[in-house]
Amino acid sequence: MRQAAASLAPLQPCRPGKDGGTAPPGVAEHVTMEDSGMSVVAPAVYVGTWHKYNCGSIAGRWFDLTTFDDERDFFAACRALHQDETDPELMFQDYEGFPGNMASECHINWAWVEGFRRARDEGCEEAYRLWVDDTGETDFDTFRDAWWGEADSEEAFAVEFASDTGLLADVPETVALYFDYEAYARDLFLDSFTFIDGHVFRR
Numbered sequence: 001m002r003q004a005a006a007s008l009a010p011l012q013p014c015r016p017g018k019d020g021g022t023a024p025p026g027v028a029e030h031v032t033m034e035d036s037g038m039s040v041v042a043p044a045v046y047v048g049t050w051h052k053y054n055c056g057s058i059a060g061r062w063f064d065l066t067t068f069d070d071e072r073d074f075f076a077a078c079r080a081l082h083q084d085e086t087d088p089e090l091m092f093q094d095y096e097g098f099p100g101n102m103a104s105e106c107h108i109n110w111a112w113v114e115g116f117r118r119a120r121d122e123g124c125e126e127a128y129r130l131w132v133d134d135t136g137e138t139d140f141d142t143f144r145d146a147w148w149g150e151a152d153s154e155e156a157f158a159v160e161f162a163s164d165t166g167l168l169a170d171v172p173e174t175v176a177l178y179f180d181y182e183a184y185a186r187d188l189f190l191d192s193f194t195f196i197d198g199h200v201f202r203r
């Protein structure tokens, strides 16, 4: 459900922080593993303005970006939040759940938010985050084509891959026992795959 801009409470000078605690009314909470069982923090930003910051104020609010229908709704809520300014120049003073350069004080890559939402629906948000951080790409369909799942190690994946592809199907079992899976894994991950924190991706 999207956050309704009209229902936002009056802006209060709350400080951005990462220590949790009790949030003021209407403030989006961090989504953490402790809160929900998820292992990846949902993309969230603390939205202030440059004018307030230059005047010595960090008044603003945390928003969980996955609660908005789209980028337009998010910016509408930001403008409603800072409606005391005629044309607020938004400042993302703090942010969580963004890999690489997907967010800065002046910019949010909304494609990451959309991709994360789809990844969370499919239960692969950790793999998606790792892939985006490694490649800098955000297209979810490209990620799904690249992600081969989880493995305990490169060699463990090589064993499974050899079995799935029938690599040794025509080799006598007594000979296959001597196959060097360690060397095979090195070759696979030299050119064709990459292994990141227990996840395997096609290059």
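Residue numbering for the sequence shown follows UniProt numbering, beginning at 1 and increasing consecutively. A virtual CB, placed ideally from N, CA and C, is assigned to each residue, including glycine.
Around the beta-carbon of Ala-176, fewer than 16 other beta-carbon atoms lie within 10 Å, marking it exposed.
Burial state of Ile-108 is buried, judged by a 10 Å Cβ sphere holding 16 or more other Cβ atoms.
Collapsing the DSSP output to three states places Thr-138 in coil. Excluding its 5 nearest sequence neighbours in each direction, Val-159 has C-beta neighbours in its own chain below 6 Å: Tyr-181, listed in chain order. Closest option to Phe-74, judged by alpha-carbon separation, among Arg-202, Asp-84, Phe-63: Phe-63. For Arg-203, the secondary structure class from DSSP, reduced to helix, strand or coil, is coil. If you keep only unbroken alpha helix (DSSP H) runs of at least 4 residues inside the stretch 36-67, you get 50-54.
Under the three-state reduction of DSSP, Glu-122 is assigned to helix.
Rounded to whole angstroms, the gap between the alpha carbons of Thr-138 and Glu-125 is 12 Å.
Looking only at Val-171, Asp-84, Trp-110, the smallest Cα-Cα distance to Pro-99 is reached by Trp-110. By the criterion of a C-beta distance shorter than 8 Å, Ala-162 is surrounded in its chain by Leu-168, Phe-179, Tyr-181, Tyr-184, once the five residues flanking it on both sides are discounted.
CA-CA distance, Cys-55 to Phe-92, rounds to 16 Å. In this chain, the alpha helix (DSSP H) harbouring Phe-157 covers 154-165. Inter-residue distance for Glu-105 and Asp-94 is about 8 Å (C-alpha atoms, whole angstroms). The residue among Arg-61, Arg-186, Tyr-53, Pro-43 with its C-alpha nearest the C-alpha of Gly-115 is Pro-43.
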